[in-house]
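Just so you know, the sequences run in chain order A and B. For the first sequence, the numbering used here begins at 1 and goes up steadily by one. For the second sequence, the numbering used here begins at 1 and goes up steadily by one. Every residue gets a Cβ at the ideal spot worked out from N, C-alpha and C, and that includes glycine.
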Amino acid sequence: MTFLFACTPASLLALALMIWLLSGVVSWLMAASTRLSSLICGTGGMIASLAATAAALQIIHGGPAQSIPLPVLRFAAEFSPLNGLLLLAMSVPALFCSLYTCAWLQGVNPRKRARTSLLCHLLMAALTAAAISANAAELILMMELASLCAYFLVVQTDDMKSRRAGLNQFLSGRLGTLCLILAFALLHHTSGSVNFDVLRHTEFTTGGKSLAFLLALTGFGLYAGIIPLHAWVPQSHSSAPAHAAALFSSGLMKMGIMGVIKVGLDLLGAPPLWWGLMVLLLAILTAFIGGLYALMEHDIRRLLAYHTLENVGIILLGVGGAMVGVALNLPVLACLALLAGLFHLFNHGLFKTVLFLGAGEIEMQTGIKDMEKLGGLARLMPWTAVAMLIALMSMAALPPLNGFASEWLLYQSLFQLSSSHLFITRLLGPLLAVGLALTGALALMCIAKVFGVTFLGAPRTQGSANATPAPLSMTLASALLALLCVTAGVGSPWIIPHFSAIAASILNAPFMSFAQQGAVVSGTSAVSAPMIALLLLAMPVLPWLIATLLRGTRLPNRRRGDAWACGYGHSPDMVVTATGFAQPLRVMFAPLYRLRQHATPASLVAALNQGWLGTFCRRLAFIELAVLLVVAFA
Amino acid sequence: MNLPVLLSNTLWPLALIQAVALLAVAPLFAGLSRMMRAKMHNRRGPGVLQEYRDIAKLLQRQSIAPAVSGAVFRSMPYLLTGGLLLIATALPVVTLASPMGTAGDLITVIYLFAIVRFVFAIAGLDTGSSFTGIGASREAVLGVLVEPILLLGLWVAALVAGSTSLSAISTRVLHWPVSSSLTLVLAGLACAFATYIEMGKLPFDMAEAEQELQEGPLAEYSGAALGVLKMGISLKQLVVLQMFLGLFFPFGLAEHLTPLALLTAVVLCLLKLLIAVFLLALVENSVARLRFLKTSRTTWAGFGLAFLALVSWLVAG
Chain A
1 MTFLFACTPA SLLALALMIW LLSGVVSWLM AASTRLSSLI CGTGGMIASL AATAAALQII
61 HGGPAQSIPL PVLRFAAEFS PLNGLLLLAM SVPALFCSLY TCAWLQGVNP RKRARTSLLC
121 HLLMAALTAA AISANAAELI LMMELASLCA YFLVVQTDDM KSRRAGLNQF LSGRLGTLCL
181 ILAFALLHHT SGSVNFDVLR HTEFTTGGKS LAFLLALTGF GLYAGIIPLH AWVPQSHSSA
241 PAHAAALFSS GLMKMGIMGV IKVGLDLLGA PPLWWGLMVL LLAILTAFIG GLYALMEHDI
301 RRLLAYHTLE NVGIILLGVG GAMVGVALNL PVLACLALLA GLFHLFNHGL FKTVLFLGAG
361 EIEMQTGIKD MEKLGGLARL MPWTAVAMLI ALMSMAALPP LNGFASEWLL YQSLFQLSSS
421 HLFITRLLGP LLAVGLALTG ALALMCIAKV FGVTFLGAPR TQGSANATPA PLSMTLASAL
481 LALLCVTAGV GSPWIIPHFS AIAASILNAP FMSFAQQGAV VSGTSAVSAP MIALLLLAMP
541 VLPWLIATLL RGTRLPNRRR GDAWACGYGH SPDMVVTATG FAQPLRVMFA PLYRLRQHAT
601 PASLVAALNQ GWLGTFCRRL AFIELAVLLV VAFA
Chain B
1 MNLPVLLSNT LWPLALIQAV ALLAVAPLFA GLSRMMRAKM HNRRGPGVLQ EYRDIAKLLQ
61 RQSIAPAVSG AVFRSMPYLL TGGLLLIATA LPVVTLASPM GTAGDLITVI YLFAIVRFVF
121 AIAGLDTGSS FTGIGASREA VLGVLVEPIL LLGLWVAALV AGSTSLSAIS TRVLHWPVSS
181 SLTLVLAGLA CAFATYIEMG KLPFDMAEAE QELQEGPLAE YSGAALGVLK MGISLKQLVV
241 LQMFLGLFFP FGLAEHLTPL ALLTAVVLCL LKLLIAVFLL ALVENSVARL RFLKTSRTTW
301 AGFGLAFLAL VSWLVAG
């Protein structure tokens, strides 16, 4: 461990990249021997992500952006706090995903084992390289590589839904890349270089700048899944293996967000007001529609994917707020909003990974993806249930967990936005806050549905009645990460100053701590997560004491028989299902749900999936992947 | 707004005392509203202390639960009451400043109510009963309908006050800014509407609809667990009500901690609660339950009020 911190970040990252690739290739070659290949894949991944995490921590505290070539690999890297943060936000989940794969790979056939381990490691290597790339060509190349790996992970399960999802992902990815190439070609036209450092110091014309921003926003938006560019997200997360889905959510989609931060705040100078407002509106749309559509899903991983969209929206609310803050020259608003966005980006990686890994455990132990067929798992898989409960509560921003810490900051930045002097922001600020609150309430309903239907009550099928606890390393991966969620939430007053320093360095603003005496302080209000945690643990003791002291001659609790059914015999199918639970909202928000059918006409979908296109894309993707790999190594 | 005051924690004994006191008087107010209901029906009804007698008796009875229920079902009454006690520490009850400043922020309080709602809803799914599950679903839907109203109303009040902390809002309302009168009145009306829905009284008695769902998530509780839950539910009504009264009727709350000021504040607080409970009983007993799926139409009216408050704030500045 001390060795990791003794090295320079450049050598650590070179080491991480090489281990990602090497362990991937070795476990691919040795896929026939079950234990060895899984072990190599898992430990290799863990060492690589540990090295990347250590490097990220050093980069974050390493001061402003500087270009440093990586040793051995001939890769020009740029180390800035933003890159460091992104690296951290994808390496920590990757660490636990690797721990999870140790056991998961042992349960699948050699062919799948070989492909998954190679592709996942290639994906992580490409994402790591993309996070620290120093110019746009490297960034686009690495994102393209990562996206192709994701495509092959999605189409691996060879069924109708996966093929459609893969095709969708392939087309979205290529369109995104095309937009990015156009955007940076435009910038190249003026500046003569695609090097980020040169772009930062070039003056662009307003029109050219805005056109490039719009193109880049579309391109990165396709990666990040900004609604309405999100079509590839839901089914891809369900078709790929669970840990790969976790990496999509915490790595691939975050690259898109980082791209938006880079073009919006870093490369093109101070953004005009309308950029920020547009990002804010897209963000709230993404958050609200993501949360609303999540409620209607009953495939756990599709549901979680919609929640990823919701969280992408929440992160972008912070980014958009920061852009407005810069445009209006309000440093407190800009810092607070960007801090909220970045902290949520990190937190989302933590809790979403727990959820995907937990969903993967359930799937492995029961063979069921559909929530309607689960039930009663809390008793059969207690550790998974506790980890999922913590992560779900964190996702719905319940105090004192980490999701709450970042959303509280976001509300405070929206409050700053509301109290600024411009009419449009004064109008938008409160409405965005209402949108966020509505999204929060939808998320609360959704987590109650997921947890209640999956883990509580009686098992609905034989498969879920026969579930056993998942293997140790899988359970450990989700439980440890859930513990990290609690730590990041309760310890937020001590963690937030570090994120605030990153935000300040991106904005070139003076450092504001936003924390004092164990409380997070926004300038207009304060909240102390440790205090809330303490009271939440202590307060239920009082009613318990009352119940114990006034016990009298009470007999011990008894659990027997069926629930009361109004005098009729109880039957299991009387119990509310996931669909039934969400039914009232389907009625109340009916027009918004119908929107989906209008936006994607069935004829278009059918035309796109006429067979030959899918096969063609698959071959094209294979050729492209091979070409890009050669380019990357050359 | 003075932040060090907010962070200094000298008031924490008061915070605990007021939480426990609210818990202690909660059944009294539930009893009062029962009595008023009886009077309005021309019945004699039970005495005001009936709720205490019920709870004391229930606490001595065995808890019986369905076989499929688990830890979530068993622990819910305690978690619910505990969460509400935490909110009770943060409200301005007798002092103008929130005695637990680090939790006394409107966002924090709204999300603490969300915790309470969450444990209530998942306990409803942990029984294998058809009634409790539907009750849980309704409880969550009410959250979706109420939260925007409550947030926007409080947000506008917070904008007038210049801070999202509860102390700042109550202080601002006490020193009534004449230029923002209309804004505050509209925001107060919107919050009153949201408060009323949150209290779960008719016509918004959805989740625990007695005749439709046999008390919803409460249906499977019995004995001691039901006793604690009854305490918790009456505490919830009192806490929601006190939040509204503390923020929008802060008149008489103690600005400085002198014995006389505290005493008047306690008396005034009880008096305000009494009047509010009486008014609520009047409304509750003169309406019928809404059709659940049509509730959203009614709640739009509340949101409209909050939106008008926003408009008036935008115009008045």
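1) At which residues does the beta strand (DSSP E) containing Val520/A begin and terminate?
2) Would you kindly work out how many angstroms separate the C-alpha atoms of Val312/A and Lys272/B, rounded to a whole number?
3) Who does Phe79/A pair with in a DSSP beta bridge?
4) Locate the alpha helix (DSSP H) running through Gly256/A, then write down its first and last residues.
5) Give me whichever residues DSSP pairs with Arg559/A in a beta bridge.
6) Inspect the beta-carbon positions of Trp564/A and Glu220/B and report whether they are closer than 8 Å.
7) Where Ser191/A and Val319/A are concerned, what is the direct C-alpha to C-alpha distance, given to the nearest angstrom?
8) Do Val324/A and Gly276/A have their beta-carbon atoms positioned less than 8 Å apart in this structure?
9) Indicate whether Leu377/A and Ala385/A have their beta-carbon atoms separated by less than 8 Å.
10) For chain A, find out if any of its Cβ atoms is closer than 8 Å to the Cβ of Thr17/B; answer yes or no.
11) Give the DSSP-derived three-state secondary structure of Gln60/B in the structure shown.
12) Is Phe351/A close to chain B, meaning its C-beta is less than 8 Å from at least one C-beta of that chain?
13) If we ignore side chains and look at the alpha-carbon of each, how far apart do Leu715/A and Pro584/A end up?
14) Just the C-alpha distance for Glu407/A and Ser528/A, rounded to the nearest angstrom, thanks.
15) Spell out whether any CB of chain A is found under 8 Å from the CB atom of Gly128/B.
16) Quick check: what's the CA-CA separation for His344/A versus Ile314/A?
17) Which stretch, first to last residue, makes up the alpha helix (DSSP H) that contains Gly133/B?
18) Who are the Cβ neighbours of Glu284/B in its own chain at under 7 Å, not counting the five residues just before and after it?
19) Determine whether the Cβ of Ser336/B lies closer than 8 Å to any Cβ atom of chain A.
20) So what does DSSP say about Gln583/A, is it helix, strand or coil?
21) Can the beta-carbon of Met531/A be found less than 8 Å from the beta-carbon of Ala103/B?
22) Mind pulling the chain A residues with CB within less than 8 Å of Met76/B?
23) Does the separation of the CB atoms of Leu80/B and Val119/B fall below 8 Å?
24) Which class does Asp126/B belong to by DSSP, given the choice of helix, strand or coil?
25) Quick one, which of Ala31/A, Leu86/A, Thr128/A and Ser239/A has its alpha-carbon nearest Cys102/A's?
26) Name, going along the chain, the residues of the region 570-603 of chain A whose beta-carbon falls closer than 8 Å to a beta-carbon of chain B.
27) In chain B, which residues lie with their C-beta within 8 Å of the C-beta of Thr366/A?
28) Start and end of the alpha helix (DSSP H) containing Phe635/A?
29) Taking the alpha-carbon positions, what's the Phe511/A to Lys449/A distance?
30) Out of Ser165/B, Phe113/B, Ala123/B and Ser129/B, which has the shortest C-alpha to C-alpha gap to Met100/B?
31) What are the residues that DSSP puts in a beta bridge with Ala254/B?
32) Relative to chain B, which residues along the region 384-401 of chain A have a C-beta separation below 8 Å, given in chain order?
33) Using the Cα positions of His237/A and Ala245/A, report the straight-line distance between them to the nearest angstrom.
34) Strictly below 7 Å CB to CB, what residues from chain B border Gly192/A?
35) Helix, strand or coil for Asp54/B, going by three-state DSSP, please let me know.
36) With a threshold of 6 Å on Cβ separation, who are the neighbours of Leu268/A within its own chain once the five nearest residues in sequence on each side are excluded?
Considering the structure as presented:
1) Residues Ala519 to Val521.
2) Each residue's Cα considered, the two are about 45 Å apart.
3) BP columns for Phe79/A point to Gln66/A.
4) For Gly256/A, the enclosing alpha helix (DSSP H) has its first and last residue at Met253 to Ile261.
5) DSSP, once it has assigned bridges, lists Ala65/B as partnering Arg559/A.
6) Yes, Cβ-Cβ distance for Trp564/A and Glu220/B is below 8 Å.
7) Approximately 26 Å, taken between the alpha carbons.
8) At the C-beta level, Gly276/A and Val324/A come within 8 Å of one another.
9) The answer is yes: Cβ separation under 8 Å.
10) The question names Thr, yet the displayed sequence has Ile at residue 17/B. Look at Ile17/B: its C-beta is not under 8 Å from any C-beta on chain A.
11) Coil at Gln60/B, not helix or strand.
12) With a threshold of 8 Å between beta carbons, Phe351/A makes no contact with chain B.
13) This structure does not reach residue 715/A, given that chain A is present from 1 up to 634, and the question cannot be answered.
14) The straight-line gap from Cα to Cα measures roughly 14 Å.
15) It does; some Cβ of chain A falls within 8 Å.
16) The alpha-carbon atoms of His344/A and Ile314/A are separated by roughly 8 Å.
17) In the DSSP annotation of this structure, the continuous segment of the alpha helix (DSSP H) that includes Gly133/B starts and ends at Ser130 to Ala161.
18) Same-chain partners within the cutoff: Lys201 and Leu202.
19) Because residue 336/B is not part of the residues shown, which for chain B are 1 to 317, the question remains open.
20) Three-state DSSP puts Gln583/A in a helix.
21) In contact: Met531/A and Ala103/B (Cβ atoms closer than 8 Å).
22) Chain A residues near Met76/B: none, gap ~10 Å exceeds 8 Å.
23) Yes, they are a contact pair.
24) Asp126/B sits in coil when the DSSP states are folded into three classes, being neither helix nor strand.
25) Cys102/A has its Cα closest to that of Ala31/A, out of Ala31/A, Leu86/A, Thr128/A and Ser239/A.
26) Residues are counted here when their Cβ sits less than 8 Å from a Cβ of chain B; for the region 570-603 of chain A these are His570, Pro572, Met574, Val575, Val576, Gly580, Phe581, Ala582, Gln583, Pro584, Leu585, Val587 and Met588, given in chain order.
27) Within chain B, not a single residue places a beta-carbon under 8 Å from that of Thr366/A; the smallest gap is close to 17 Å.
28) Residue 635/A falls outside the range modelled here, since chain A spans only 1 to 634, and no answer is possible.
29) Their backbone Cα atoms lie some 42 Å apart in a straight line.
30) Taking only the C-alpha atoms, the option nearest Met100/B is Ser165/B.
31) Ala254/B is bridged to Thr95/B.
32) Of all residues in the region 384-401 of chain A, Met393, Ala396, Ala397, Leu398 and Pro399 have a Cβ within less than 8 Å of some Cβ in chain B.
33) If I take the Cα positions, the gap works out to 5 Å.
34) Residues of chain B passing the Cβ test: none, with the nearest at roughly 47 Å.
35) In the structure shown, Asp54/B adopts helical secondary structure according to DSSP, grouped into three states.
36) By the criterion of a C-beta distance shorter than 6 Å, Leu268/A is surrounded in its chain by Lys209, once the five residues flanking it on both sides are discounted.
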